[in-house]
Structures are given as structure tokens and as C-alpha cells.
Amino acid sequence: MPGYKQPCRYCNELISSDANVCPLCGKVNPVGSPRCPKCRNPIKVDWKKCDNCGLPLQTACPKCGQPTFFGDYCDKCGARLTVVCPQCKKEQPPLGELCAECGKPLKGGKKS
Ligand SMILES: [Zn+2]
Ligand SMILES: [Zn+2]
Ligand SMILES: [Zn+2]
Ligand SMILES: [Zn+2]
205 MPGYKQPCRY CNELISSDAN VCPLCGKVNP VGSPRCPKCR NPIKVDWKKC DNCGLPLQTA
265 CPKCGQPTFF GDYCDKCGAR LTVVCPQCKK EQPPLGELCA ECGKPLKGGK KS
């Protein structure tokens, strides 16, 4: 029902239970379950894999390089777990080597 409020998982302020972005702290998916970055299935922070698409739910943070739960934000540094395609500028979860939008490599092609 409309008007029902829930605490934001990041700042604990009461916000609308259907908010996609917290109006107070600006983080995405502030209420309810975290969602799989690939298929948007509701997931839990202690899961190893998404039970719908099988995506491993541990990843290396693109910002700090530490292993983190593959939710919306890094457990360690709080960075948004997304990368921006150098070709088409589409922001996306780091699901693989190639852009989900244009199919080009997400990292400038340099291998050291
Ligand atoms: Zn918040
Ligand atoms: Zn999934
Ligand atoms: Zn990080
Ligand atoms: Zn792209």
C-alpha cells in the first residue's frame, strides 16, 4: 500500500518502500532485498551464487580491488560496483570482459 515506509539499508532513515533511490543518502536499492546485478533476482548477502542465473556473488571491487559481495556497493570502500564502457559510456555492473551494451572490451585492451 502506498505511504508504507521502510528504513534505508544504508542510512536507516525511513523512506518509501518502493523507492529505487534513497532521497536522503542517494544510494540505489535502499529497501528490500539486494538484487542480482545480472538478472535482478532478489538475493541475500550470505549467498555465494544467484539462485536464478548462477552468477557468482563475490567479485573484485573495480575501485579498491578487494573481494566484495556483488550487490550495488563495495563492502570495503563503499564504491558503486559499476564500470563505465570506454566506447559507449554505458554504466554497468562488471559482469564480464565485454560491454553488455555494445560488446566492446570494457578495459582499453591493454594487457601487461
Ligand atoms: Zn539512505
Ligand atoms: Zn541472477
Ligand atoms: Zn571497493
Ligand atoms: Zn559499450
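Count along the sequence shown from 1, add 204, and you get the number used in our numbering.
The beta carbon of each residue, even a glycine, is placed where N, CA and C say it ideally should be.
Remember, predicted model here, so these are calculated numbers, not experimental data.
First through last residue of the beta strand (DSSP E) which encompasses residue i
i       : result
Ser-237 : Counting along the chain, Ser-237 falls outside any beta strand (DSSP E), and DSSP gives it neither H nor E.
Alpha-carbon to alpha-carbon, residue j and residue i
i       : j       : result
Lys-311 : Tyr-208 : 43 Å
Tyr-277 : Ala-283 : 5 Å
Burial state of residue i, where buried means 16 or more other Cβ atoms lie within 10 Å
i       : result
Pro-234 : buried
Leu-285 : buried
Gly-275 : buried
Arg-244 : exposed
Cys-257 : exposed
Cys-303 : buried
Residues bridged to residue i (per DSSP)
i       : result
Lys-284 : Residue identity check: residue 284 is Arg in the sequence provided, not Lys. DSSP output for Arg-284 lists Tyr-277 as bridge partner(s).
Ser-220 : Lys-209
Gln-296 : Val-287
Gln-262 : Phe-273
Contact between the region 249-258 and the region 294-308 is defined here as three or more beta-carbon pairs at a separation below 8 Å; is this criterion met? no
Would the region 287-299 count as touching the region 260-276 if we require 3 or more Cβ pairs under 8 Å? yes
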